[in-house]
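Each remark here refers to the structure printed beneath this line.
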Amino acid sequence: MKTLFQAVTILALSTGAALAQAPHGMDHANMPMSDQQMEGAVHATATINEIGDGTANVSHGPIPEIGWPAMTMDLPLLENAEMMGEVSPGDEVTLMLLKGDDGMYAIGAIMPN
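Next comes the structure, spelled out in structure tokens:
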């Protein structure tokens, strides 16, 4: 019989993977990312405050899959980040966040909602 800790851990891991693969409107077929990155992708709704050189300042609600509370923050844009349409400050978007080898998350794609 599994312990409660094992059951919760399995549920948390399977929920994160399921949410990463849940319908969210992004077509990942042509993205130059590894299968491991795609499996670990986290999608979040955010408001774009500013997009600069290599970073985006966003405000997002809680992202329970990675334990983040609601906040406003700068996130790095991956060099090959996909912009799936025009995005301007104030726009609500869906972000695809990818965890790097360093354990930090970066934006792999932005899609206007």
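Those letters in the sequence shown? Residues -20 to -1, 1 to 93, by mature numbering (1 follows the signal peptide of the UniProt record, and there is no 0).
Don't be surprised by glycine CBs; every beta carbon is placed ideally from N, CA and C.
These numbers come from a predicted model, not from an experiment.
CA nearest to the CA of residue i, picked from the options
i: residue 96; options: 43, 54, 40 and 93; result: Residue 96 cannot be examined here, being either before or after the span of the chain that is shown, -20 to 93.
i: residue 62; options: 25, 24, 19 and 91; result: 91
i: residue 95; options: 72, 58, 27 and 70; result: Residue 95 is absent from the structure shown; the chain starts at -20 and stops at 93.
Distance CB(residue i)-CB(residue j) smaller than 8 Å
i: residue 56; j: residue 87; result: yes
i: residue 25; j: residue 39; result: no
Exposure label - residue i; buried when at least 16 CB within 10 Å
i: residue 50; result: exposed
i: residue 19; result: exposed
Alpha-carbon to alpha-carbon, residue j and residue i
i: residue 4; j: residue 70; result: Confidence at residue 4 is low in this model, with a pLDDT of 48, below 50, so its placement is unreliable and no value can be given for it.
i: residue 29; j: residue 76; result: 17 Å
i: residue 67; j: residue 81; result: 28 Å
i: residue 60; j: residue 89; result: 9 Å
i: residue 34; j: residue 43; result: 22 Å
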